[in-house]
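Numbering (the numbering used here), first residue to last: 166 to 474.
In this text, a Cβ means the ideal position worked out from N, Cα and C, and glycines have one as well.
Model, not experiment: these values are computed from the prediction.
Here is the structure we will look at, set down as structure tokens.
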Amino acid sequence: MGEPAIQITDLKKQYQGTIALSSVSFDIKPGEMFGLIGPDGAGKTSLIRILTSLLDPDDGQCRLLGISVNNEPEQVRKVIGYMPQRFSLYPDLTVGENLRFFADLFRVPRQERLKRTEALLQFSRLTPFVKRRAGQLSGGMKQKLALSCALIHTPKVLILDEPTTGVDPVSRREFWGILKTLKEGGVTLLVATPYMDEAEKCDRIALINKGNILAVGTAAEIIERFTGVVYALFGLNLPAIAGWFKKRLHPNQVQILGDRVHVSLFADTTETMDSLCREAENSGHSIRSVEAAEPGLEDTFISLIVEKN
166 MGEPAIQITD
176 LKKQYQGTIA
186 LSSVSFDIKP
196 GEMFGLIGPD
206 GAGKTSLIRI
216 LTSLLDPDDG
226 QCRLLGISVN
236 NEPEQVRKVI
246 GYMPQRFSLY
256 PDLTVGENLR
266 FFADLFRVPR
276 QERLKRTEAL
286 LQFSRLTPFV
296 KRRAGQLSGG
306 MKQKLALSCA
316 LIHTPKVLIL
326 DEPTTGVDPV
336 SRREFWGILK
346 TLKEGGVTLL
356 VATPYMDEAE
366 KCDRIALINK
376 GNILAVGTAA
386 EIIERFTGVV
396 YALFGLNLPA
406 IAGWFKKRLH
416 PNQVQILGDR
426 VHVSLFADTT
436 ETMDSLCREA
446 ENSGHSIRSV
456 EAAEPGLEDT
466 FISLIVEKN
């Protein structure tokens, strides 16, 4: 298999006594698209900032392409591209000027810079906007520009922190199409996201919550760990039905998905769906029908969180 592209071993970090990362360990293979999945405050940004040498861990080791982040941070920065959570480019500079600035920052030779800039503009479909100020771009175009700037020195590893947060659905799909093309070109990608649908686009994922890695594997492998039953409830007032079940069960076990309410009953849940539905109807809620549903990644994530607690 060879050496991992990213190797994280027993990584720990605290902020004033609050645990951000608790003995985090996992590897990412060369050329893999790896998702780091978790809600806000799960520890994703802390982990990424340590990987990119912007933050020192309290304990543990990270290696990127065999280079120790702890001991050789300058060497690490030469081989990675990093796209932070917040738009971090210069809004008063044009698209072209931002690309030139980052090319100069990474000391890309002039001839190479011109060639790479043209290729990235075409790749991200930003050529028509090369003279537009970055601050005047849409959210999706800003993300494409930030990605292009992160790629200007052709890094072998690309690390992205919630790159599509706040971006419209069409731009999200386009952005993930670009990431897929990069992966096919041999780039190793680590993408942090709170979106479960994006997790399923990755080769493998790690579920993280409150600084703990709950599971690592493909989406299908992780879903197999769900040991309960998921039900789809149909009725006249879905918000009211969902609200009742959230009070009766763990709130995370209940979601409104389109025209139905999904309720996850875990293996150790003592109530049955029949008894819960009778109880809900006695409380004035009209449930038209109940169907068994396939568990998803989010159902499994929630069950692992509850199990951990």
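(request) Report yes or no: do three or more beta-carbon pairs, one from the stretch 370-386 and one from the stretch 220-231, lie closer than 8 Å? (result) Contact between the stretch 370-386 and the stretch 220-231 is absent, because fewer than three Cβ pairs lie under 8 Å.
(message) Helix, strand or coil, according to DSSP, for Gly300 in the structure here?
(response) For this step, residue 300 is matched to residue 135 along the sequence shown. Helix, per DSSP.
(request) Would you decide whether Ser253 is buried or exposed? Buried here means 16 or more other CB atoms lie within 10 Å of its CB. (result) Walking along the sequence shown from the start, residue 253 turns up at place 88. Here Ser253 is exposed, its C-beta having fewer than 16 other C-beta atoms within 10 Å.
(request) Would you decide whether Pro460 is buried or exposed? Buried here means 16 or more other CB atoms lie within 10 Å of its CB. (result) For the purposes of this step, residue 460 is identified with residue 295 of the sequence shown, where counting begins at 1. With 16 or more other Cβ atoms inside 10 Å of its own Cβ, Pro460 counts as buried.
(request) Could you tell me whether the stretch 276-287 touches the stretch 326-340, using the rule of 3 or more Cβ pairs below 8 Å? (result) By the Cβ rule, the stretch 276-287 does not count as touching the stretch 326-340, because fewer than three pairs are nearer than 8 Å.
(request) May I ask you to report which of helix, strand or coil DSSP gives Asn106? (result) Nothing about residue 106 can be reported from this structure: the residues present for the chain run from 166 to 474 only.
(request) Could you pull out every residue in the same chain whose Cβ sits closer than 7 Å to the Cβ of Glu168, ignoring the five residues on either side in sequence? (result) Here the question's residue 168 lines up with position 3 in the sequence shown. The beta carbon of Glu168 sits closer than 7 Å to those of Gly231, all from its chain and outside the five residues before and after it, given in chain order.
(request) Say whether the stretch 201-208 touches the stretch 254-261, bearing in mind that this needs 3 or more beta-carbon pairs closer than 8 Å, one atom from each stretch. (result) Judged by Cβ distances under 8 Å, the stretch 201-208 makes no contact with the stretch 254-261, as fewer than three pairs qualify.
(message) Would Ala432 and Thr392 qualify as a contact pair, given that the criterion is a beta-carbon distance under 7 Å?
(response) Taking the sequence shown and counting its residues from 1, one reaches residue 432 at position 267. Taking the sequence shown and counting its residues from 1, one reaches residue 392 at position 227. Pairing Ala432 with Thr392 gives a Cβ-Cβ distance under 7 Å.
(request) On the DSSP bridge assignment, give the partners of Cys227 in chain order. (result) Here the question's residue 227 lines up with position 62 in the sequence shown. Looking at the DSSP output, Cys227 bridges to Ile173.
(request) Report the rounded CA-to-CA distance for Leu355 versus Glu386, giving the unit in angstroms. (result) As a first step, residue 355 must be located in the sequence shown, where it is residue number 190. As a first step, residue 386 must be located in the sequence shown, where it is residue number 221. Roughly 19 Å between the two C-alpha positions.
(request) Starting from Ala384, trace the alpha helix (DSSP H) both ways and give me its first and last residue. (result) Locating residue 384 in the sequence shown gives position 219, where the first residue counts as 1. Membership of Ala384 in the alpha helix (DSSP H) is indicated by the continuous run Ala384 to Ile388.
(message) Using C-beta distances below 7 Å, list every residue in its chain close to Lys177, excluding the 5 sequence neighbours before and after it, in chain order.
(response) Here residue 177 refers to the residue found at position 12 of the sequence shown. These residues qualify, in order along the chain: Leu186, Ser187, Ser188, Pro222, Asp223, Asp224 and Gly225.
(request) Give the secondary structure of Asp257 by DSSP, where H, G and I count as helix, E and B as strand, and everything else as coil. (result) For the purposes of this step, residue 257 is identified with residue 92 of the sequence shown, where counting begins at 1. Of the three classes helix, strand and coil, the one that applies to Asp257 here is coil, per DSSP.
(request) State the Cα-Cα distance for the pair Phe267 and Val260, rounded to the nearest angstrom. (result) As a first step, residue 267 must be located in the sequence shown, where it is residue number 102. As a first step, residue 260 must be located in the sequence shown, where it is residue number 95. Taking the straight line joining both Cα atoms gives about 11 Å.
(message) Let me check one thing: in DSSP terms, what residues is Met198 bridge-paired to?
(response) On the sequence shown, position 33 is the one that residue 198 refers to. BP columns for Met198 point to Leu354.
(message) Can you list, in chain order, the residues of its chain with a C-beta nearer than 8 Å to that of Asp424? Leave out the 5 residues immediately preceding and following it.
(response) In the sequence shown, residue 424 corresponds to position 259, counting from 1. Within the same chain, Phe399 and Leu403 come within 8 Å of Asp424 by CB-CB distance, once the 5 residues on both sides are set aside.
(message) Let me make sure I understand the geometry here. Which of Met306, Ala397, Glu444 and Leu220 has the alpha-carbon closest to that of Leu422?
(response) Mapped onto the sequence shown, residue 422 falls at position 257. Closest option to Leu422, Cα to Cα, is Ala397.
(message) By the three-class DSSP mapping on this structure, what secondary structure does Asp362 have?
(response) Counting from one through the sequence shown, the residue named residue 362 turns up at place 197. In the structure shown, Asp362 sits in a helix (DSSP, three-state: H, G or I).
(request) Out of Thr217, Pro249 and Leu258, state which residue places its alpha-carbon closest to the alpha-carbon of Val241. (result) To locate residue 241, count along the sequence shown from 1; it is residue 76. Val241 has its Cα closest to that of Thr217, out of Thr217, Pro249 and Leu258.
(request) Measure the C-alpha to C-alpha separation of Pro416 and His318 and round it to an integer number of angstroms. (result) Within the sequence shown, numbered from 1, the residue matching residue 416 stands at position 251. Within the sequence shown, numbered from 1, the residue matching residue 318 stands at position 153. Their Cα atoms are separated by approximately 46 Å.
(request) Let me know the secondary structure DSSP gives Arg337 once reduced to three states. (result) Counted from its first residue, the sequence shown places residue 337 at position 172. Helix at Arg337.
(message) Within a Cβ cutoff of 8 Å, which residues of the same chain sit near Leu294, ignoring the five residues on either side of it in sequence?
(response) Mapped onto the sequence shown, residue 294 falls at position 129. Residue 294 is actually Phe in this sequence, not Leu. If we look at Phe294 and ignore the five residues flanking it on each side, its Cβ neighbours are Val260, Leu302 and Met306.
(message) Restricting to Cα atoms, I'd like to know which of Thr346, Arg278, Ile406 and Ser190 is closest to Gly449.
(response) For the purposes of this step, residue 449 is taken as the residue at position 284 of the sequence shown. Measuring from the Cα of Gly449, the nearest candidate turns out to be Ile406.
(request) Please list, in chain order, all residues of the same chain as Asp464 whose beta carbon is under 7 Å from its beta carbon, the five residues on each side excluded. (result) As a position in the sequence shown, residue 464 is number 299, starting the count at 1. Around Asp464: Phe391, Val395 and Ser429.
(request) Taking Gly246 as the reference, give the member of Ser313, Ala371, Ser468 and Lys209 with the closest Cα. (result) Along the sequence shown, one-based indexing puts residue 246 at 81. Comparing Cα positions, the closest option is Ser313.
(message) Helix, strand or coil for Lys412? Go by DSSP, reduced to three states.
(response) As a first step, residue 412 is located in the sequence shown; it is residue number 247 there, counting from the start. It is helical.
(request) With DSSP as the reference, please indicate the residues paired to Ile317 in a beta bridge. (result) As a working mapping, residue 317 is identified with position 152 in the sequence shown. The partner list for Ile317 (beta bridge, DSSP) is empty, contrary to what the question assumes.
(message) Given a cut-off of 7 Å on the beta-carbon distance, is the pair Lys353 and Glu472 in contact?
(response) On the sequence shown, position 188 is the one that residue 353 refers to. On the sequence shown, position 307 is the one that residue 472 refers to. Inspection of the sequence shows that residue 353 is occupied by Thr rather than by Lys. No, the Cβ-Cβ distance between Thr353 and Glu472 is not below 7 Å.
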